[in-house]
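Notes follow once the structure below has been shown.
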Ligand code: NI
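Residue numbers (my numbering): 658 to 796.
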């Protein structure tokens with residue numbers, strides 16, 4: 658971490674009260690850590706807008722394992738992207754539905770492309786991709 662700078666910020670009282678209520682609910686011990694997290698999240702968002710940024714992600718898929726060849730197609734996609742896949746976990750949710758969680762790393766563009774290919778497979782009911790940079794650029 659670099660040198661610490663103290664900054665003063667002028668805020669509308671009502672806005673500050675809303676912020677304080679929010680961070681109290683979230684469990685922050687003080688405003689400083691909450692503000693640092695907000696700044697990091699915004700900087701991370703800027704990084705993720707660049708396709709070449711190194712990132713990590715979790716892809717969650719809910720699908721019907723009876724859908725024709727879907728499990729095999731998902732497996733093929735993962736074998737074709739060994740460099741990006743860190744691990745995956747399969748959970749049987751009920752008689753029909755499965756949850757697959759795939760954790761991956763790579764460039765934003767590679768992750769997004771793989772997530773799109775999985776999401777668009779016939780039989781995938783729900784999908785969500787949570788992506789963030791590796792934190793290397795953030796203090
Ligand atoms: Ni299953």
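All C-beta atoms, glycine included, are put in the ideal place defined by N, C-alpha and C.
Could you spell out where the beta strand (DSSP E) holding residue i opens and where it closes?
| i | result |
| --- | --- |
| residue 723 | Unbroken run through residue 723: none, as it is neither H nor E. |
| residue 753 | First-last for residue 753: undefined, no H or E at that position. |
| residue 766 | Premise fails: residue 766 lies in the alpha helix (DSSP H), 765-776, not in any beta strand (DSSP E). |
Of the residues the options, which one's Cα is nearest the Cα of residue i?
| i | options | result |
| --- | --- | --- |
| residue 884 | 742, 675 and 790 | Missing from the structure shown is residue 884; the chain here goes from 658 to 796 and no further. |
| residue 739 | 760, 710 and 661 | 760 |
| residue 735 | 793, 667, 772 and 710 | 772 |
Can you tell me whether DSSP reads residue i as helix, strand or coil?
| i | result |
| --- | --- |
| residue 781 | strand |
| residue 667 | coil |
Mind checking whether the beta-carbon of residue i lies closer than 8 Å to any heavy atom of the ligand NI?
| i | result |
| --- | --- |
| residue 750 | yes |
| residue 747 | yes |
| residue 835 | Residue 835 cannot be examined here, being either before or after the span of the chain that is shown, 658 to 796. |
Along the chain, where does the alpha helix (DSSP H) containing residue i start, and where does it finish?
| i | result |
| --- | --- |
| residue 693 | 688-705 |
| residue 671 | 670-683 |
| residue 738 | Taken as a continuous stretch (DSSP letters only), residue 738 belongs to no alpha helix (DSSP H), as it is neither H nor E. |
### Message
Is it the case that the region 677-685 contacts the region 747-760, given that we only count it when at least three CB pairs across the two stretches are under 8 Å?
### Response
no
### Message
Three or more C-beta pairs under 8 Å: does that hold for the region 694-712 against the region 762-774?
### Response
yes
### Message
So, does the region 663-678 touch the region 713-733, judging by three or more C-beta pairs under 8 Å?
### Response
no
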